[in-house]
Amino acid sequence: MTEILLSLRGLVVGLRHGHDVSPIVRGVNLDVAPGERVGVVGESGSGKTLTMLSVLRLLPSPPLEILDGEILFAGENLASASERRLREVRGAEIAMVYQDPMTSLNPLLHVGYQVAEALKAHGASTIQARETTRDALRQVGLSDPERVERSYPHELSGGMIQRVMIAMALAASPRLLIADEPTTALDVTIQQQILDLVLDIQTTTSMAVLWVTHDLGVVARLVDRVVVMYAGRVVEDAPTRELFRHPSHPYTAALLASLPGTQHSHRSLLHQIGGNPPDPTRLDGGCPFRPRCPFAIDQCAHEEPPLLPRGESRAACWREPDSWLP
Amino acid sequence: MLLPLVRRLASMLTTLFGVLVVVFVILRLLPGNAVTASLGVNAGLLSRAQLQAIDKFYGVGESIPQQFFSWLWSMLHGNLGVSLSSREPVSTLVGSALPVTLELAVMSMILGILIGVGFGMIGALHPDRWQDDVGQGLAVFGLSVPSFVIGTVLITYLASIFHYFPSSLGFVGLFTNPWLNLQQVFFPALTLSFGIGAAIMRTTRAAVLEIKNLNFSRTARGKGMSQIAYVWRHLFLNALVAITTMSGIQFGYLLGGAVIVEDIFVLPGIGRLLITSITDRDFPVVQSVTLIFAAGFIVVNTLIDISYTIIDPRTRSR
Numbered sequence: 001m002t003e004i005l006l007s008l009r010g011l012v013v014g015l016r017h018g019h020d021v022s023p024i025v026r027g028v029n030l031d032v033a034p035g036e037r038v039g040v041v042g043e044s045g046s047g048k049t050l051t052m053l054s055v056l057r058l059l060p061s062p063p064l065e066i067l068d069g070e071i072l073f074a075g076e077n078l079a080s081a082s083e084r085r086l087r088e089v090r091g092a093e094i095a096m097v098y099q100d101p102m103t104s105l106n107p108l109l110h111v112g113y114q115v116a117e118a119l120k121a122h123g124a125s126t127i128q129a130r131e132t133t134r135d136a137l138r139q140v141g142l143s144d145p146e147r148v149e150r151s152y153p154h155e156l157s158g159g160m161i162q163r164v165m166i167a168m169a170l171a172a173s174p175r176l177l178i179a180d181e182p183t184t185a186l187d188v189t190i191q192q193q194i195l196d197l198v199l200d201i202q203t204t205t206s207m208a209v210l211w212v213t214h215d216l217g218v219v220a221r222l223v224d225r226v227v228v229m230y231a232g233r234v235v236e237d238a239p240t241r242e243l244f245r246h247p248s249h250p251y252t253a254a255l256l257a258s259l260p261g262t263q264h265s266h267r268s269l270l271h272q273i274g275g276n277p278p279d280p281t282r283l284d285g286g287c288p289f290r291p292r293c294p295f296a297i298d299q300c301a302h303e304e305p306p307l308l309p310r311g312e313s314r315a316a317c318w319r320e321p322d323s324w325l326p
Numbered sequence: 327m328l329l330p331l332v333r334r335l336a337s338m339l340t341t342l343f344g345v346l347v348v349v350f351v352i353l354r355l356l357p358g359n360a361v362t363a364s365l366g367v368n369a370g371l372l373s374r375a376q377l378q379a380i381d382k383f384y385g386v387g388e389s390i391p392q393q394f395f396s397w398l399w400s401m402l403h404g405n406l407g408v409s410l411s412s413r414e415p416v417s418t419l420v421g422s423a424l425p426v427t428l429e430l431a432v433m434s435m436i437l438g439i440l441i442g443v444g445f446g447m448i449g450a451l452h453p454d455r456w457q458d459d460v461g462q463g464l465a466v467f468g469l470s471v472p473s474f475v476i477g478t479v480l481i482t483y484l485a486s487i488f489h490y491f492p493s494s495l496g497f498v499g500l501f502t503n504p505w506l507n508l509q510q511v512f513f514p515a516l517t518l519s520f521g522i523g524a525a526i527m528r529t530t531r532a533a534v535l536e537i538k539n540l541n542f543s544r545t546a547r548g549k550g551m552s553q554i555a556y557v558w559r560h561l562f563l564n565a566l567v568a569i570t571t572m573s574g575i576q577f578g579y580l581l582g583g584a585v586i587v588e589d590i591f592v593l594p595g596i597g598r599l600l601i602t603s604i605t606d607r608d609f610p611v612v613q614s615v616t617l618i619f620a621a622g623f624i625v626v627n628t629l630i631d632i633s634y635t636i637i638d639p640r641t642r643s644r
């Protein structure tokens with residue numbers, strides 16, 4: 001068995017209002033090996049972002065809190081770590097790049113200062129931090145790092161800021177990079193550049209990457225393994241190739257079918273999944289995908305399936321893929 | 327950078343001129359003038375010709391626009407006029423009263439900002455915990471109890487229970503006896519700072535709570551920086567625009583409050599000068615004092631406008 005860098009064990013994140021707590025993330029299990037690239041895919045509201053924020057314990061609390069489960073990072077449970085210990089891990093060992101670059105930097109401080117801050121927080125001297133900052137900005141392909149350093153966030157474009165954010169995340173050479181939809185707010189050509197950039201840096205530094213996205217197209221190019229989330233749970237966990245060739249969960253199959261221009265959809269119209277994702281606060285105990293699933297059987301209404309082994313993959317579906325795949 | 331400054335100065339002067347006109351007109355609408363006020367019932371014994379002669383002597387018999395422009399003209403030459411009741415130059419009266427009020431204002435602003443920012447930050451960092459409850463309670467107290475009540479209660483307790491009443495010795499200047507002077511000014515300043523502090527506290531708390539939930543705050547926490555750096559460089563710095571704005575508004579209330587508090591604490595400041603001169607219909611003094619209040623308010627708010635461009639790079643014109 002290979003060594004595991006990050007391991008989420010039964011992670012439950014809940015939304016508290018008054019005395020009521022409704023779980024939004026309902027028992028997520030997820031492993032990342034050192035140097036591995038894992039994609040996390042799912043619709044909005046499937047709990048991807050909350051799961052990722054939990055890893056660094058950055059959930060907006062209140063009202064969100066971790067109710068149960070373990071977050072094992074190199075064997076240490078971050079779910080019960082002290083704030084002091086978390087500060088040592090954040091930015092130095094696990095770094096994160098966020099969804100909306102334009103609002104992710106402090107508008108009142110120079111960009112260079114904010115990148116250097118991440119280094120100084122972990123013991124770098126001012127001069128060291130400045131040098132590393134400049135190198136990091138150059139590494140992410142910013143052509144004029146001196147000028148970028150002296151700019152304020154509002155003076156840069158979204159693509160440039162996302163590069164800055166990546167530089168900030170990478171500057172301290174973390175062992176794990178969590179990228180939470182870092183390209184969603186950017187236009188397609190910039191998306192491409194950012195993807196290439198991260199792929200490039202990842203291959204030279206061998207850090208692990210957790211890439212969250214709702215775009216399967218991104219996943220196909222970037223990651224070794226894909227984790228599909230639905231209604232706060234992992235419904236499929238499969239090697240990327242395997243996922244695209246033989247999806248083991250009807251939801252994954254439906255996601256693939258809705259990709260434009262792949263082998264799965266030859267129609268000119270885009271395929272869409274009927275219905276809406278369920279309200280995670282109102283689940284009935286059956287499979288949450290059942291109302292939208294064309295292959296549901298009686299059992300699906302009564303029992304929520306756990307992750308079951310399906311060849312090289314694992315999927316949370318009672319039915320063998322062969323019984324419903326065309 | 328220079329042009330906006332010029333524009334701001336121009337609007338400042340326009341506002342000041344507007345204030346002058348309004349004050350001047352309102353005073354003239356009051357029944358009675360300095361002559362009737364100083365002569366009292368004896369004014370009735372004078373003949374119409376005698377009254378007109380006195381009016382003419384003091385320059386209050388001219389038409390209102392004439393009075394306004396002759397006053398404006400002499401003021402632009404540094405002459406604020408002569409008090410109608412004490413016959414002293416207005417500049418002498420204002421000159422001795424202004425430092426007292428200035429000291430009071432500065433001290434209450436400092437106290438108010440310290441109290442407000444302190445409790446506001448603590449409350450925002452521990453929302454709905456006891457630290458926050460204490461601050462919130464104090465804010466309700468500071469906002470709802472008027473300064474004349476706080477001031478009177480303070481004086482009563484200090485004097486009757488602790489036999490401490492520094493003002494009884496007569497006011498001393500800051501440079502004559504700094505220690506006694508600071509004691510004399512501290513309690514009136516504390517009285518004023520409750521209201522100021524309460525308003526600033528609420529603003530600080532609300533601003534920091536909002537900023538805590540913004541994306542860049544999460545980025546900052548995600549870097550693993552120390553709590554102190556996070557709180558001051560990211561939360562406080564971004565709350566600073568809101569805090570400065572509220573401080574400017576409070577400065578306006580402070581000028582009004584100073585009038586009452588100076589009266590209660592027997593401070594020979596400009597607020598007391600204003601009250602006595604209004605009752606005496608001492609127009610030159612009232613006009614000058616009002617002008618100084620207005621100028622103070624306008625200058626402070628202009629400084630605050632300028633401070634925005636220092637705090638927030640997005641408001642800087644390129």
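The listed protein sequences correspond, in order, to chains A and B.
Under this note's numbering, the first sequence is numbered contiguously, ending at residue 326.
Under this note's numbering, the second sequence is numbered contiguously, ending at residue 644.
Yeah, the Cβ is synthetic: ideal placement off N, Cα and C, and Gly gets one too.
Remember, it's a predicted structure, so these values are computed and weren't measured experimentally.
Here the alpha carbons of P610(B) and L406(B) stand approximately 7 angstroms from one another. Straight-line spacing of the CA atoms in D68(A) and I439(B) works out to 43 angstroms. Within the region 524 to 551 of chain B, those residues whose Cβ lies closer than 9 angstroms to any Cβ of chain A are, in chain order, K538, N539, L540, N541, F542, S543, R544, T545, A546, R547, G548, K549, G550, M551.
Taking a C-beta distance under 8 angstroms as the contact criterion, V209(A) and V218(A) do not qualify as a contact pair.
As for any beta strand (DSSP E) of minimum length 3 sitting wholly inside the region 197 to 271 of chain A, the runs are 208 to 213, 225 to 230, 233 to 239, ordered along the chain. Taking 8 angstroms as the cut-off, the Cβ atoms of T133(A) and A171(A) count as close.
Around P107(A), the beta-carbon contacts reaching into chain B at under 9 angstroms are F542, N564, D638, P639, R640. In the DSSP assignment, L119(A) is bridged to no other residue. Comparing C-alpha distances from E131(A) to each of S323(A), V13(A), V97(A), L119(A) shows the shortest one belongs to L119(A). Residues of the region 447 to 463 of chain B with a C-beta less than 7 angstroms from any C-beta of chain A: none at all. Taking the Cα of I178(A) as reference, the smallest distance to any Cα among E3(A), S22(A), H302(A), L58(A) is reached at L58(A). In this structure, G597(B) places its C-beta atom within 8 angstroms of the C-beta atom of V585(B). Within chain B, R544, R547, G548 have C-beta atoms less than 7 angstroms from the C-beta of L58(A), given in sequence order.
Secondary structure at A179(A): strand, using DSSP grouped into helix, strand and coil. A contact is defined here as three or more CB-CB pairs under 8 angstroms, and the region 525 to 544 of chain B meets this definition with respect to the region 432 to 446 of chain B.
The C-beta distance from D180(A) to Q99(A) rounds to 5 angstroms, short enough to meet the 8 angstroms contact threshold.
Residue pairing of H17(A) in beta bridges, as defined by DSSP: D20(A). For P425(B), DSSP records no beta bridge to any residue.
Contact of H560(B) with chain A by beta-carbon distance below 7 angstroms involves N106. Around the beta carbon of N539(B), fewer than 16 other beta carbons lie within 10 angstroms, which makes this residue exposed.
Following the DSSP letters along the chain, one finds S543(B) inside the alpha helix (DSSP H) bounded by residues 541 to 548. Comparing C-alpha distances from A121(A) to each of P107(A), V148(A), A95(A), T103(A) shows the shortest one belongs to A95(A). Taking F513(B) as reference, the option from G477(B), L356(B), F562(B), I441(B) with the minimal CA-CA separation is G477(B). Looking at the DSSP output, E70(A) sits in a beta bridge with R9(A). When 9 angstroms is used as the limit between beta carbons, M96(A) is near these residues of chain B: R544, T545, G548, in chain order. Contact between the region 458 to 473 of chain B and the region 633 to 644 of chain B is absent: fewer than three C-beta pairs spanning the two stretches fall below 8 angstroms. Taken through DSSP and simplified to helix, strand or coil, R374(B) comes out as helix. For the pair F542(B) and L105(A), the CB atoms are nearer than the 8 angstroms cut-off.
Excluding the 5 residues flanking it on each side, L30(A) has same chain C-beta neighbours closer than 7 angstroms at L8, V227, V234, in chain order. By DSSP's assignment, R314(A) forms a beta bridge with D237(A), P309(A). No residue range can be given for R290(A), since it is assigned to no alpha helix (DSSP H) and is classified by DSSP as neither H nor E. Looking at the DSSP output, N503(B) shares a beta bridge with no other residue. Per the C-alpha coordinates, the member of F350(B), G583(B), P472(B) positioned closest to P391(B) is F350(B). If you draw a straight line from the Cα of D458(B) to the Cα of L535(B), it is about 12 angstroms long. Counting along the chain, V55(A) sits inside the alpha helix (DSSP H) bounded by residues 48 to 55. Taken through DSSP and simplified to helix, strand or coil, N276(A) comes out as coil.
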